[in-house]
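Only one structure is covered here, and it is reproduced in the block below.
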Amino acid sequence: PIQGPLHGTLEMSPTGAFTYLPDAGFSGVDVFTYTVNDGTGHSCIATVHISVGGNTAPVADVIGTVTTTHDVSVTVSPLAGALSNAYDPDGDGLTASVIVALHGTVTMTAEGGFTYTPAPGYVGTDAFIFQADDGRSASCPVMVNVQVVNSLPDSISNKTFSVQSGEKLYVPQCEGVLDSLVDADGDIAAAELLGEPGHGTLVVFNSDGSFVYTPDAGFAGQDRFTVRSTDGFAFSNVATITINVENALPVAQNDSYDVLYVNAQRGLSTACNNSGLADIDMDMLAGSRLVIPAFSGLLSNDSDDDYERLTVQILTQPAHSQSWQWASDGSFVYVPADGFVGTDVFTYQIFDGVTTSEPAIVTIQVKEDAPVARNDSYVVAMNDTLAVSALSGVLGNDYDLNGDYVTAGIVGDVPDGLQFNEDGTFAFTPGEIGTVTFHYVLSDGTLTSNDGVVTIQVVAEAVRTAPNAAPETYSLSHDGILSVSGGYNGVLANDSSFNNCPITAVLVTGPQHGTLVLAANGGFSYRPTSGYAGTDSFIYKADDGLYESSPVTVAIDVLNQATAAAADEYSIYANSKLWVSAFDGVLANDTDSEGDAVTATLIGTGPSHALSFQFNSDGSFVYQPAVNFHADDTFSYTVSDGASQRTANVTIHVTQTAPVARDDSYHTAAGGHLTVLAANGVLVNDSDADGDLLTAEIVDGPLSSQGTVTLVPAGGFVFQPAAGFTTATFTYRTFDGIEYSDPATVTITADVQAPVNISDRQYAVLHDRPLMVPVSQGLLAGVTAPDGKTLSVQVI
Numbered sequence: 060p061i062q063g064p065l066h067g068t069l070e071m072s073p074t075g076a077f078t079y080l081p082d083a084g085f086s087g088v089d090v091f092t093y094t095v096n097d098g099t100g101h102s103c104i105a106t107v108h109i110s111v112g113g114n115t116a117p118v119a120d121v122i123g124t125v126t127t128t129h130d131v132s133v134t135v136s137p138l139a140g141a142l143s144n145a146y147d148p149d150g151d152g153l154t155a156s157v158i159v160a161l162h163g164t165v166t167m168t169a170e171g172g173f174t175y176t177p178a179p180g181y182v183g184t185d186a187f188i189f190q191a192d193d194g195r196s197a198s199c200p201v202m203v204n205v206q207v208v209n210s211l212p213d214s215i216s217n218k219t220f221s222v223q224s225g226e227k228l229y230v231p232q233c234e235g236v237l238d239s240l241v242d243a244d245g246d247i248a249a250a251e252l253l254g255e256p257g258h259g260t261l262v263v264f265n266s267d268g269s270f271v272y273t274p275d276a277g278f279a280g281q282d283r284f285t286v287r288s289t290d291g292f293a294f295s296n297v298a299t300i301t302i303n304v305e306n307a308l309p310v311a312q313n314d315s316y317d318v319l320y321v322n323a324q325r326g327l328s329t330a331c332n333n334s335g336l337a338d339i340d341m342d343m344l345a346g347s348r349l350v351i352p353a354f355s356g357l358l359s360n361d362s363d364d365d366y367e368r369l370t371v372q373i374l375t376q377p378a379h380s381q382s383w384q385w386a387s388d389g390s391f392v393y394v395p396a397d398g399f400v401g402t403d404v405f406t407y408q409i410f411d412g413v414t415t416s417e418p419a420i421v422t423i424q425v426k427e428d429a430p431v432a433r434n435d436s437y438v439v440a441m442n443d444t445l446a447v448s449a450l451s452g453v454l455g456n457d458y459d460l461n462g463d464y465v466t467a468g469i470v471g472d473v474p475d476g477l478q479f480n481e482d483g484t485f486a487f488t489p490g491e492i493g494t495v496t497f498h499y500v501l502s503d504g505t506l507t508s509n510d511g512v513v514t515i516q517v518v519a520e521a522v523r524t525a526p527n528a529a530p531e532t533y534s535l536s537h538d539g540i541l542s543v544s545g546g547y548n549g550v551l552a553n554d555s556s557f558n559n560c561p562i563t564a565v566l567v568t569g570p571q572h573g574t575l576v577l578a579a580n581g582g583f584s585y586r587p588t589s590g591y592a593g594t595d596s597f598i599y600k601a602d603d604g605l606y607e608s609s610p611v612t613v614a615i616d617v618l619n620q621a622t623a624a625a626a627d628e629y630s631i632y633a634n635s636k637l638w639v640s641a642f643d644g645v646l647a648n649d650t651d652s653e654g655d656a657v658t659a660t661l662i663g664t665g666p667s668h669a670l671s672f673q674f675n676s677d678g679s680f681v682y683q684p685a686v687n688f689h690a691d692d693t694f695s696y697t698v699s700d701g702a703s704q705r706t707a708n709v710t711i712h713v714t715q716t717a718p719v720a721r722d723d724s725y726h727t728a729a730g731g732h733l734t735v736l737a738a739n740g741v742l743v744n745d746s747d748a749d750g751d752l753l754t755a756e757i758v759d760g761p762l763s764s765q766g767t768v769t770l771v772p773a774g775g776f777v778f779q780p781a782a783g784f785t786t787a788t789f790t791y792r793t794f795d796g797i798e799y800s801d802p803a804t805v806t807i808t809a810d811v812q813a814p815v816n817i818s819d820r821q822y823a824v825l826h827d828r829p830l831m832v833p834v835s836q837g838l839l840a841g842v843t844a845p846d847g848k849t850l851s852v853q854v855i
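Read left to right, the sequence shown gives residues 60 to 855 (this note's numbering).
Shown next as structure tokens:
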């Protein structure tokens, strides 16, 4: 040594430990000098003063405040531990021990390193007390302050959602009110509802931020409610959730219809073979009455983008109606005023329960049609005269849709022996056996009919025959009413009788699938059984008062255009829930050309891979796949209009995307441990397209020569370096509950610095006793090389 101890002997170790034995009986101060070298030429010289005297109690001083997150243990190494600011005047080796901890537990090593664990759920200031001991006496108690902290939950942002009026809003967790499910401490965030919406109801509000909202009936506009999040210890800011309840204006289109004008005349009277007068009701009202059912009515060409139920509101009445009735479903009955021919109009608007459309104009053209003449045939015996009264005359089977008074006139050649009157009566005296014909036309004073042909068979002897009835076919839509007027529309219209004698309809057998009222003039009313579609029939005879025809069948086709059912597809992430409203449900793309109301019925029990499934008749449904299931799931349903049904399939694509882990890098001082909280952990730059909650797990740890790593699932970790470490790496992967990511690499680099200068030291020893200074109290105690290099001590 340049200046070794003068009053004793010294044994020095490169580790800084040394043994000094004072000379016998010496007391006082002895000194020696030494140097610390890091092997690269960096060194410092310092002096050691050794006080040789009686034993003195060690001195322990406070250390810095220790900080940790609630429910997380913190470990402090001996270098920064309880004895880092303690010393023994005699140079004796010291040990540390805990006296008491208030709100947690402390495990302390003899070298002063310790691990503090806060009590579960505790947040705030804590403290514990320790002492330093040199083996013969202890220091005064020293308090170590501990701050147990909790980071505020992540702030949540104001959000806006939209829903159609009258529909439910389903918001899943991945789109819900919470921006993050985990806060900086790794705590699970929970949503709390503070203020209810003012114009609707939160049917469901879950702590994961998902919710189901139903607006009040008829409401359209903005609704709001307020929320915040909590981690169980503190609350976030208050956020406002805005819901735009939208309602598209319905659109009413203009309509046009045609109808015949009305004449006050409703029937014609004729006589037949002196049998008296009979009234043949032509029921011209049926031709001049505009009857529009709902499926082809005012709403048939109107629309509403919200698919809400529409109703009609009449704004102005028609000016030229004799009678006028309307219903909110768009059906109406219009009868023009007597004698009116031209254009009549009325206006209406439609209402969707929230708003009304712009007005639409309905135009009704009241038209006049020419009368129609039908052919006639008669039989007369030679040497007789055929006298035809009005009842059996040529007008008996003719008609004028407007109900105008008509007259008949001969056109072309007039056969010998014929006397013809404008009311259709005539007399004919034959001159020979054979066939005689002549033509006539009708006039309503404005228009002229087609030619009617009258055929007279002249026979040796006339024999009266029974009427001839011919079959007919009618049709109507299911669940409707078929009203057929008498005369030219009824079942007798294509029947005939001897010399045009009046005939009546007599029911033989009624229909099997409906109810029937048959009038004597051949008109009838038929209503099919509810929901029936197919062919029905009834049987009648024609009766002229003397004879009946053979029975004849009238067929009625009850029509139904089946609803077209189309396949559907939906998509959802694994481990989430799919809410489908009626607006987007399975019926949204199904159509019924007749405008029938349709309902959906589930076939079987539903999807085979569902954890839960609810299906409604309006086509809405809620589906939750089985845990971790990710593939296609299917179910089938039928759509029915009440008369027929069709089947369609629904496919739900349950998707799952593997998470993505990205490399990370961190720095720490050489030789110092690294603690990384979840807020800055390895998951911060990782992602999952499905929005799943991610956890982290080690794949390969660092080499033993680099150090050790403890990784928590939330992404935070603690790295304890090995001696001399410069760079350490470990790999990890993320897990979303179903799939793992590819491994990512974490690199930890030590920041290299020059050695720290050492300082003079003082030790004390009782006289006549050896001073043995261990490594922990030696010349390297408290001396660090930030770059992690190994230090050694040399006496100079």
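Note that the Cβ used here is the ideal one computed from N, Cα and C, for glycine as well.
- prompt: Alpha carbon to alpha carbon, how far is R941 from D193?
  reply: Because the chain is modelled from 60 through 855, residue 941 falls outside the range shown and cannot be assessed.
field: Backbone secondary structure at D364 - three-state DSSP
entry: Within the sequence shown, residue 364 is the residue found at index 305, counting from 1. D364: coil per DSSP, three-state reduction.
field: Status (buried if at least 16 other CB within 10 Å, exposed otherwise) for F680
entry: For the purposes of this step, residue 680 is taken as residue 621 along the sequence shown, with counting starting at 1. With 16 or more Cβ atoms within 10 Å of its Cβ, F680 is classed as buried.
- prompt: If we count the other Cβ atoms within 10 Å of its Cβ and call it buried at 16 or more, is E520 buried or exposed?
  reply: Here residue 520 refers to the residue found at position 461 of the sequence shown. Looking at its Cβ environment, which holds fewer than 16 other Cβ atoms inside 10 Å, E520 is exposed.
- request: Look up L138 in the DSSP assignment and say whether it is helix, strand or coil.
  value: One-based indexing of the sequence shown puts residue 138 at position 79. Helix at L138.
task: Buried or exposed for D120, please, with buried defined as at least 16 other CB atoms from any protein chain shown within 10 angstroms of its CB.
output: Position 61 of the sequence shown, counted from the start, is the residue given in the question as residue 120. Under this definition D120 is an exposed residue.
- prompt: Comparing alpha-carbon positions, which option in I540, I711, D554 lies nearest V576?
  reply: Working through the sequence shown from its first residue, we reach residue 576 at position 517. Of I540, I711, D554, the residue nearest in Cα terms is I540.
message: If distances are taken between C-alpha atoms only, which option among E531, N739, G483, G731 comes closest to T767?
response: Here residue 767 refers to the residue found at position 708 of the sequence shown. Among E531, N739, G483, G731, the Cα nearest to that of T767 belongs to G731.
message: Just to confirm my understanding: we take V639, look at its own chain, exclude 5 residues before and 5 after, and list those with CB closer than 7 angstroms. What are they?
response: Counting from one through the sequence shown, the residue named residue 639 turns up at place 580. Closer than 7 angstroms at Cβ, skipping near neighbours: Y629, S679, F680.
query: By the 10 Å Cβ neighbour count, where 16 or more other Cβ atoms means buried, how is I122 classified, buried or exposed?
result: Looking up residue 122 in the sequence shown gives position 63. By the neighbour-count rule (16 or more Cβ atoms within 10 Å), I122 is buried.
query: Is there contact between the region 439-453 and the region 526-539, where contact requires at least three CB pairs shorter than 8 angstroms?
result: no
- request: Answer yes or no: do F487 and I469 have a C-beta to C-beta separation smaller than 9 angstroms?
  value: Stepping through the sequence shown from its first residue, residue 487 is reached at position 428. Stepping through the sequence shown from its first residue, residue 469 is reached at position 410. For F487 and I469, no; Cβs fall outside 9 angstroms.
- request: Pick helix, strand or coil for V834, following the three-state DSSP scheme.
  value: Position 775 of the sequence shown, counted from the start, is the residue given in the question as residue 834. Of the three classes helix, strand and coil, the one that applies to V834 here is helix, per DSSP.
query: Using the rule of at least 16 other Cβ atoms within 10 Å of the residue's Cβ for burial, across every protein chain shown, is F294 buried or exposed?
result: Residue mapping note: residue 294 aligns to position 235 of the sequence shown, counting from 1. Result: exposed.
- prompt: Should the region 681-689 be regarded as contacting the region 651-659, the criterion being three or more beta carbon pairs within less than 8 angstroms?
  reply: no
- request: Flag this pair as touching only if the region 745-755 and the region 768-785 have three or more C-beta atom pairs under 8 angstroms; answer yes or no.
  value: yes
- prompt: For the region 280-295 against the region 251-262, are there 3 or more C-beta pairs whose distance is under 8 angstroms?
  reply: yes
field: Inter-residue spacing [alpha-carbon to alpha-carbon] between V310 and I409
entry: What you label residue 310 is simply residue 251 of the sequence shown in a count that begins at 1. What you label residue 409 is simply residue 350 of the sequence shown in a count that begins at 1. Whole-angstrom Cα-Cα distance: 8 angstroms.
message: Are the CB atoms of V719 and D745 within a distance shorter than 9 angstroms?
response: The residue you call residue 745 lines up with position 686 of the sequence shown. The residue you call residue 719 lines up with position 660 of the sequence shown. Their beta carbons are under 9 angstroms apart, which means D745 touches V719 by this criterion.
field: Spatial distance of L838 from G152 (CA atoms)
entry: Residue 838 sits at position 779 when you count from the first residue of the sequence shown. Residue 152 sits at position 93 when you count from the first residue of the sequence shown. Distance between the alpha carbons of L838 and G152 is about 13 angstroms.
- prompt: Fully enclosed by the region 433-516, which beta strand (DSSP E) runs are 3 residues long or longer?
  reply: 435-440, 445-447, 466-470, 477-479, 485-487, 493-502
query: For C560, is the classification buried or exposed, using 16 other Cβ atoms within 10 angstroms of its Cβ as the cut-off for buried?
result: Numbered from its first residue, the sequence shown carries residue 560 at position 501. So C560 counts as buried.
- request: Please classify Q206: is it buried, with 16 or more other beta-carbons within 10 angstroms of its beta-carbon, or exposed?
  value: Numbered from its first residue, the sequence shown carries residue 206 at position 147. Per the 10 Å Cβ criterion, exposed.
- prompt: Between T790 and S800, which are expected to be in contact by the criterion C-beta below 8 angstroms, what is the C-beta distance as a whole number of angstroms?
  reply: Position 731 of the sequence shown holds residue 790. Position 741 of the sequence shown holds residue 800. T790 to S800, Cβ: 11 angstroms. No contact.
Length of the line joining the Cα atoms of A623 and D651: Working through the sequence shown from its first residue, we reach residue 623 at position 564. Working through the sequence shown from its first residue, we reach residue 651 at position 592. Going from the Cα of A623 to the Cα of D651 covers about 6 angstroms.
- request: Measure the C-alpha to C-alpha separation of G462 and S502 and round it to an integer number of angstroms.
  value: Taking the first residue of the sequence shown as position 1, residue 462 is located at position 403. Taking the first residue of the sequence shown as position 1, residue 502 is located at position 443. Each residue's Cα considered, the two are about 12 angstroms apart.
- prompt: Is the beta carbon of G545 less than 9 angstroms from the beta carbon of G581?
  reply: Taking the sequence shown and counting its residues from 1, one reaches residue 545 at position 486. Taking the sequence shown and counting its residues from 1, one reaches residue 581 at position 522. Yes.
message: Once the 5 residues before and after S132 are set aside, which same chain residues still bring their CB inside 7 angstroms of it?
response: Taking the sequence shown and counting its residues from 1, the one referred to as residue 132 is at position 73. Excluding residues within five positions, the ones whose Cβ falls inside 7 angstroms are T174, Y175, T176.
Straight-line gap, A432 to V447 (C-alpha atoms, nearest Å): In the sequence shown, the residue the question calls residue 432 occupies position 373. In the sequence shown, the residue the question calls residue 447 occupies position 388. Cα-Cα distance, rounded: 17 angstroms.
CB contact below 9 angstroms: A521 versus chain C: Here there is only one protein chain, and chain C is not present.
- request: In angstroms with no decimal places, state the Cα-to-Cα distance between F557 and Y599.
  value: For the purposes of this step, residue 557 is taken as the residue at position 498 of the sequence shown. For the purposes of this step, residue 599 is taken as the residue at position 540 of the sequence shown. When rounded, the distance between both Cα atoms is 19 angstroms.
field: Exposure label - D55; buried when at least 16 CB within 10 Å
entry: Because the chain in this structure spans residues 60 to 855, residue 55 falls outside the shown range and cannot be described.
field: 7 angstroms Cβ shell around T375 - same chain, five flanking residues per side excluded
entry: If you number the sequence shown from 1, residue 375 lands on position 316. Only F405, T406 meet the Cβ criterion.
task: Look up F688 in the DSSP assignment and give the residues it is bridged to.
output: Against the sequence shown, residue 688 aligns to sequence position 629. Per DSSP, none; premise fails for F688.
Every unbroken beta strand (DSSP E) within the region 584-622, with a cutoff of 3 residues, ordered by chain: 593-602, 611-618
- prompt: Would S835 be called buried (16 or more neighbouring beta carbons within 10 Å of its own) or exposed?
  reply: Numbered from its first residue, the sequence shown carries residue 835 at position 776. Classification for S835: buried.
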